[in-house]
Structures are given as structure tokens and as C-alpha cells.
Ligand SMILES: NC(=O)c1ccc[n+]([C@@H]2O[C@H](COP(=O)([O-])OP(=O)(O)OC[C@H]3O[C@@H](n4cnc5c(N)ncnc54)[C@H](O)[C@@H]3O)[C@@H](O)[C@H]2O)c1
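In the working numbering, the protein residues as written are 20 to 285.
Right, dumping it as C-alpha cells:
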């Protein structure tokens, strides 16, 4: 199991922090050479160091995943360094809050560029290299918010719903190439993104930690997901154990979306 990914090259976006950080570390721990993309250079360097200090193979490339020139260059550098590409994990993402009346056009465009267009770009430049390997996998981070909603997330939900739809098409387009494409829809996961949300939701009566505790309780299993939960799922989905899975989305939410809001009287 420790060397399940020996000889494989994995590109992870958003690999500086949060889920991407853990996903990159876990693929490296199982033997993969990992190309890390992030626009936060400090976080990127720290994670490359963590991986190489632990004996893993990693190359960090500073890139804005919503920009074609950056993604094209990053894929080229990773393929040159490691000799090919087998797996892409699209974990970079941003959230912006506001109703349609409040959200700026820039926020809308940023959400679409980072959460949606980036997946088109990594696929555009990465899939030709995966094809040369004879098989591979693309994992796209969506959200439970593609299926159920909250207020104030009109742009975020649009960007994450699009991920589910484009995952199906990518999977159909490349099934004959033995490239599997799967969307992952997490519930609340303890990362810098979630902690930022908790800080915004805190007030004089609730600290950010109180908010996180309440969100954990809202998940029927009584906890938030962790970045390690996401890495575990990616390691499974990208492996031959999941070779029959493609064109679908996997919800990983401690039961959050199985419930209806109105409880029956006990
Ligand atoms: N945390 C949650 O509760 C949650 C729930 C559902 C879905 N998601 C999704 O999971 C994915 C990972 O989220 P996270 O919680 O780890 O987020 P995070 O904010 O903790 O980390 C995201 C990483 O992506 C990088 N990034 C953002 N924009 C970028 C850009 N334009 N170019 C390059 N790098 C960029 C950031 O620098 C950061 O390192 C995202 O797609 C997010 O929307 C998160």
C-alpha cells in the first residue's frame, strides 16, 4: 500500500493549503511524484519542503489556475521534470458571499475562473499527457452546495454546479482513452477556507470556534470532515480499486445532505 503510486505523476492545484496540501502530501507518501500548483508562494514552498523533507518527490509551480498561460506553463514544467502525467486533482477554490444584488461582477468572474475555468484549463493541457500513459484520472472538487443551498452563495453554487456537469462531459469525452473523471462534493471541511467562513459568522456571542462546533453538530456524524478524509478519498478514486467509477460525483459530508431540515415530532 505504501508505494501504490510509485511511478505515477500527480498534479494537484490549490496544493499550498487546506485539502490540496494534504492531498499532495498523501500521494507523495504513497510514492507519486507530485506537481503542486498554487498562487500563494509561501504556502506552496512550505508544502514542497514538507514533502521533500519526508523523502517525497515534489515540484512547486506558482500559478493562478484561472489563467491559461499559467496553467499551460505549469503543466509543461511538471511533465518536463517528472516525464509525464497520470492524475490531476483540481482542489484550488475560492468562496465569495453575496446575493445577486450584492455580489460584484469581479467576484462572479473570479469564482468562475478559479472554481470552474481552472478545471477546463488543467484538462486542456493535462489530458493530452495522460492519454500518452494509456489511462489516468481527473478529480474535480465541487461541493455539497452544488446540490443543496444556503443564502448568499449564488456565485459559488453556480461555479460548483458547473463542476458536476462538466465532469460528466469530460468523463464521456475521454472514456475511450481510459481516463476516469470524477467530481467530489464535500460538506464542511476544516481548512483555512472554512475557518475564514467561521470568522465571518462569529459575533459578540459566538467565537469562530463556537461556530465550527455548531457546524460540526449540523453534520449527522457529529464532526467536520478533515483534509485527510479528502486525501483518503482521492487516493481511492485515483487507484485501480476504483477503476469502474467515472462520470459521477461522490458526496463526502458526514451525512449532511441526507437529512431534511424539518424533523418529525418524536
Ligand atoms: N472547506 C470546505 O468546507 C469545502 C467544502 C466544499 C467544497 N470545498 C472545495 O474544496 C476545494 C478545496 O478547498 P479548501 O477548503 O481546501 O480551500 P482553502 O482556501 O483552504 O485552500 C485553497 C487553496 O487554493 C489556492 N488557490 C485559490 N485560488 C487560487 C488560484 N487562482 N490559483 C492558484 N491557487 C489558488 C489557495 O491559495 C489555497 O492554497 C475548493 O474547491 C473548495 O471550493 C471546500
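C-beta: ideal position from N, C-alpha, C; glycine also. Quick caveat, the model's predicted, so the values are computed rather than measured.
Can you say whether residue 22 is buried or exposed, counting buried as having 16 or more other CB atoms within 10 angstroms of its CB?
Exposed, by the Cβ-count rule.
Starting from the C-beta of residue 24, find all residues in its chain whose C-beta is less than 6 Å away, skip the five residues before and the five after it, and write them out in chain order.
The answer, listed in chain order, is 46, 49, 50 and 51.
Name the DSSP beta bridge partners of residue 77, please?
For residue 77, which the question treats as bridged, DSSP gives the partners 53.
Taking the alpha-carbon of residue 126 as reference, which of 174, 277 and 91 has the nearest alpha-carbon?
Residue 126 has its Cα closest to that of 174, out of 174, 277 and 91.
Buried or exposed: which applies to residue 277, given that a residue is buried once 16 or more other Cβ atoms fall within 10 Å of its Cβ?
Label assigned to residue 277: exposed.
When burial is assigned at 16 or more other CB atoms within 10 Å of the CB, is residue 249 buried or exposed?
So residue 249 counts as buried.
Using DSSP with H/G/I as helix, E/B as strand and the rest coil, what is residue 156?
Here residue 156 sits in strand by DSSP.
Is the stretch 141-160 close to the stretch 115-130, with three or more CB pairs under 8 Å?
No, because fewer than three Cβ pairs between the stretch 141-160 and the stretch 115-130 fall closer than 8 Å, the two stretches do not touch.
DSSP state of residue 251, grouped into three classes?
Helix, per DSSP.
Measuring CB to CB, does residue 140 end up less than 7 Å from residue 97?
No. Outside cutoff.
With a Cβ-Cβ cutoff of 7 Å, do residue 149 and residue 104 count as a contact?
Contact flag set, yes.
Is residue 144 near ligand 1, judged by its Cβ being under 6 Å from some heavy atom?
Every heavy atom of ligand 1 is 6 Å or more from the Cβ of residue 144, so no.
Look up residue 13 in the DSSP assignment and say whether it is helix, strand or coil.
Residue 13 falls outside the range modelled here, since the chain spans only 20 to 285, and no answer is possible.
At a threshold of 6 Å, does residue 22 count as lining ligand 1 (C-beta to nearest heavy atom)?
Result no, Cβ not under 6 Å from ligand 1.
Taking Cβ to Cβ, would you say residue 158 is nearer than 7 Å to residue 230?
Not a contact, by the Cβ cut-off of 7 Å.
Please report how far the alpha carbon of residue 226 lies from the alpha carbon of residue 90, in whole angstroms.
Going from the Cα of residue 226 to the Cα of residue 90 covers about 39 Å.
Sorry if obvious, but does the Cβ on residue 58 come closer than 6 Å to a heavy atom of ligand 1?
For ligand 1, at least one heavy atom lies less than 6 Å from the Cβ of residue 58.
Have a look at residue 26 and residue 240 and give me their C-alpha separation to the nearest angstrom.
In a straight line, the C-alpha of residue 26 is about 37 Å away from that of residue 240.
Report, in whole angstroms, the separation of the C-beta atoms of residue 178 and residue 210, which I expect to be a contact under 8 Å.
Not confirmed; about 17 Å, so no contact.
In whole angstroms, give me the CA-to-CA distance for residue 128 and residue 75.
Residue 128 and residue 75: Cα-Cα distance of roughly 36 Å.
When the Cα atoms are used, what is the spatial distance from residue 201 to residue 281?
Spanning the two alpha carbons is a distance of roughly 31 Å.
Helix, strand or coil for residue 187 per DSSP?
DSSP places residue 187 in helix when its eight states are reduced to three.
Quick check: the Cα distance between residue 143 and residue 56, rounded to an integer number of angstroms?
Distance between the alpha carbons of residue 143 and residue 56 is about 16 Å.
Note down the Cα distance separating residue 285 from residue 275, rounded to an integer number of angstroms.
Between residue 285 and residue 275, the C-alpha separation is close to 20 Å.
Within the same chain, show all residues whose beta-carbon is closer than 6 Å to that of residue 266, passing over the 5 residues directly before and after it, in chain order.
Answer for residue 266: 187 and 190, listed in chain order.
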